[in-house]
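Participant:
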Amino acid sequence: MFGMMLELVYARRARDGGMANVSRRLLLRSAQCYVGYQLTVVAAVLGGWLTAAEGADALLFLGKSRFGNILRFYSVAMLLAIPILHVRLRVGPRIYGLLLAAIWLGAFALRSVDSIDAGSLTAPIGILFGIGEMRVGPSVWHGMTLTLAGMLIATGLEGFRQPGFDLRKFYRNSAAVVAASLTIVIGLVATSSLFEVAKSFAYFTYRSQNHVGYYAIGLIAAAGTLILFSIAIPLGRAMPAWTRAPLALGTSSLLSFTAGNVALNLMPAGVISAGSVYPVLASLAVIGAVMVLVSRPAVSRSYRFASRRAVQFRRPPRSG
């Protein structure tokens with residue numbers, strides 16, 4: 265969905281008004297994501313999940329956070345989106361396929377330096393590239409797979425607000441992503457078993473290893489979900505009033521992620537260790553509370569105001 269937003273919103277704005285304003289907006293969004301990440305890390309320290317030293321390392325991308333990895337990813341991915349959109353305007357949407365191929369050719373090359381001793385850069389390298397002793401999954405490098413696939417799928421939705429628009433190109437793009445991903449999954453099943461592949465995905469083994477299976481299965485699920493919703497909710501149909509609250513989780517995703525992760529990090533350790541029922545109930549309660557919070561008109565207005573502000577860069581006055 266992040267990649268689709270980049271294509272549908274930011275690429276369109278770049279075509280209409282140039283990259284300068286778009287770059288400023290993405291820089292602002294990156295800063296907002298990092299602020300959300302900071303709040304999540306601070307909450308983990310206050311909740312006793314991280315020590316002060318571990319929290320300081322996490323803020324500098326020198327250590328792992330708790331429930332903040334997605335915001336950390338977005339703070340970097342927003343910056344990477346700027347050169348990607350620059351190239352997209354010059355080359356066209358075919359650049360997405362080329363970049364996807366480059367990511368996985370690079371991923372295989374990264375395996376040859378997986379045991380590299382990078383000293384103080386071990387943690388940043390693990391976060392950015394998913395290699396070394398402190399590898400993170402999904403890393404920024406591998407995680408851009410989902411972003412670029414979303415951008416590719418969204419090229420089939422250009423002009424979707426126009427009368428008479430049809431979804432054939434969207435379905436073709438989605439089918440291409442699913443077909444490529446399914447080919448990978450079939451190869452994994454053939455070399456092991458369906459049970460092993462399902463277990464490796466469900467238990468985050470693939471995710472922690474930045475394994476291609478994580479992204480292939482994830483893309484099948486994501487594209488399949490998009491297709492199902494496109495059928496269940498045809499273009500032009502007004503959404504029922506009751507959907508405003510759950511949809512706010514998506515329309516205010518940065519606020520939702522931040523509020524939810526902060527709440528989870530402040531949750532007492534006794535609740536987490538109390539068995540399987542209480543943590544699930546507590547998590548559902550957090551989701552419900554966040555949904556109510558972000559759907560409030562005053563909160564959503566404040567969020568939209570902050571999100572739409574442009575970063576102003578001014579040259580220092582010349583001396584003399």
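Residue numbering for the sequence shown is 265 to 584, as defined by this note's numbering. C-beta atoms are modelled at their ideal positions from N, C-alpha and C, and glycine is treated no differently.
Name the residue from A533, V404, R560 and A527 whose alpha carbon lies nearest to the alpha carbon of L548.
Facilitator: Start at 1 with the first residue of the sequence shown, and residue 548 comes out as number 284. The option with the nearest alpha carbon to L548 is A527.
Participant: Can you tell me whether DSSP reads V400 as helix, strand or coil?
Facilitator: In the sequence shown, residue 400 corresponds to position 136, counting from 1. Looking at V400 - three-state DSSP - the assignment turns out to be coil, as it is neither helix nor strand.
Participant: When you compare only the Cα positions, how much space is there between A382 and L513?
Facilitator: One-based indexing of the sequence shown puts residue 382 at position 118. One-based indexing of the sequence shown puts residue 513 at position 249. Distance between the alpha carbons of A382 and L513: 39 Å.
Participant: Since N529 and A365 should fall inside the 8 Å C-beta cutoff, what is the C-beta to C-beta distance between them, to a whole number of angstroms?
Facilitator: Translated into positions along the sequence shown, residue 529 becomes position 265. Translated into positions along the sequence shown, residue 365 becomes position 101. Not really, about 38 Å apart at Cβ, beyond 8 Å.
Participant: Can you look up G361 in the DSSP assignment and give me helix, strand or coil?
Facilitator: Along the sequence shown, one-based indexing puts residue 361 at 97. If DSSP states are grouped into helix, strand and coil, G361 belongs with the helices.
Participant: Please indicate yes or no: does the CB of A284 lie closer than 6 Å to some heavy atom of the ligand MN?
Facilitator: Of the ligands one can find in the structure shown there are none, so the ligand MN has no counterpart to examine.
Participant: Using C-beta distances below 7 Å, list every residue in its chain close to S339, excluding the 5 sequence neighbours before and after it, in chain order.
Facilitator: Indexing the sequence shown from 1 puts residue 339 at position 75. Counting only Cβ-Cβ distances below 7 Å, and skipping sequence neighbours, we find S294, C297, Y298 and Y301.
Participant: So R436 and G420 are supposed to be a Cβ contact under 8 Å. How far apart are they, rounded?
Facilitator: Translated into the one-based positions of the sequence shown, residue 436 becomes position 172. Translated into the one-based positions of the sequence shown, residue 420 becomes position 156. Confirmed, about 7 Å.
Participant: My assumption, with CB atoms under 8 Å, is that A278 sits in contact with L344. Please give the rounded CB distance.
Facilitator: By 1-based counting over the sequence shown, the position of residue 278 is 14. By 1-based counting over the sequence shown, the position of residue 344 is 80. About 15 Å separates the two Cβ atoms, so there is no contact after all.
Participant: Just the Cα atoms here: how many angstroms apart are V377 and G396?
Facilitator: Taking the first residue of the sequence shown as 1, we reach residue 377 at position 113. Taking the first residue of the sequence shown as 1, we reach residue 396 at position 132. About 8 Å.
Participant: DSSP three-state call for S438: helix, strand or coil?
Facilitator: Taking the first residue of the sequence shown as position 1, residue 438 is located at position 174. Here S438 sits in helix by DSSP.
Participant: DSSP state of S339, grouped into three classes?
Facilitator: For the purposes of this step, residue 339 is identified with residue 75 of the sequence shown, where counting begins at 1. Residue state, collapsed to three classes: helix.
Participant: Please classify P510: is it buried, with 16 or more other beta-carbons within 10 angstroms of its beta-carbon, or exposed?
Facilitator: Taking the sequence shown and counting its residues from 1, the one referred to as residue 510 is at position 246. When all chains shown are included, P510 counts as exposed.
Participant: Strictly under 7 Å for the Cβ-Cβ distance: is S438 near chain D by that measure?
Facilitator: Among the chains of the structure shown, chain D does not appear; only one protein chain is present.
Participant: Taking the alpha helix (DSSP H) that I484 falls in, what are its first and last residues?
Facilitator: Here the question's residue 484 lines up with position 220 in the sequence shown. It spans V476 to A496 - the alpha helix (DSSP H) in which I484 sits, taken as one unbroken run.
Participant: Cutting at 7 Å between CB atoms, please list the residues of its own chain near M555, excluding the five before and the five after it.
Facilitator: Along the sequence shown, one-based indexing puts residue 555 at 291. Excluding residues within five positions, the ones whose Cβ falls inside 7 Å are A509, P510, A512 and L513.
Participant: According to DSSP, is G390 part of a helix, a strand, or is it coil?
Facilitator: Counting from 1 along the sequence shown, the entry for residue 390 is found at position 126. Residue state, collapsed to three classes: helix.
Participant: May I have the straight-line CA-CA distance separating R330 from S472, to the nearest angstrom?
Facilitator: Walking along the sequence shown from the start, residue 330 turns up at place 66. Walking along the sequence shown from the start, residue 472 turns up at place 208. Rounded to the nearest angstrom, the two C-alpha atoms are 14 Å apart.
Participant: Going by CA-CA distance only, name the one from L557, V305, R288 and P357 that's closest to E271.
Facilitator: As a first step, residue 271 is located in the sequence shown; it is residue number 7 there, counting from the start. Considering only alpha carbons, the answer is P357.
Participant: How would you label A317, buried or exposed, when you count the other beta carbons within 10 angstroms and need 16 or more for buried?
Facilitator: Residue numbering aside, residue 317 sits at position 53 when the sequence shown is read from its first letter. Exposed is the call here.
Participant: Are the beta-carbon atoms belonging to A487 and V442 less than 7 Å from one another?
Facilitator: Within the sequence shown, numbered from 1, the residue matching residue 487 stands at position 223. Within the sequence shown, numbered from 1, the residue matching residue 442 stands at position 178. Contact flag set, yes.
Participant: Can you tell me where the alpha helix (DSSP H) with A549 in it begins and where it stops?
Facilitator: Here residue 549 refers to the residue found at position 285 of the sequence shown. Counting along the chain, the alpha helix (DSSP H) containing A549 begins and ends at V541 to V558.
Participant: Hey, quick one: how far does the alpha helix (DSSP H) through E460 stretch, first residue to last?
Facilitator: Counting from one through the sequence shown, the residue named residue 460 turns up at place 196. Taken as a continuous stretch (DSSP letters only), the alpha helix (DSSP H) holding E460 covers L458 to A466.
Participant: Do Y360 and M218 count as a contact pair if the criterion is CB distance below 7 Å?
Facilitator: Since the first residue of the chain shown is 265 and the last is 584, residue 218 is not available in this structure.
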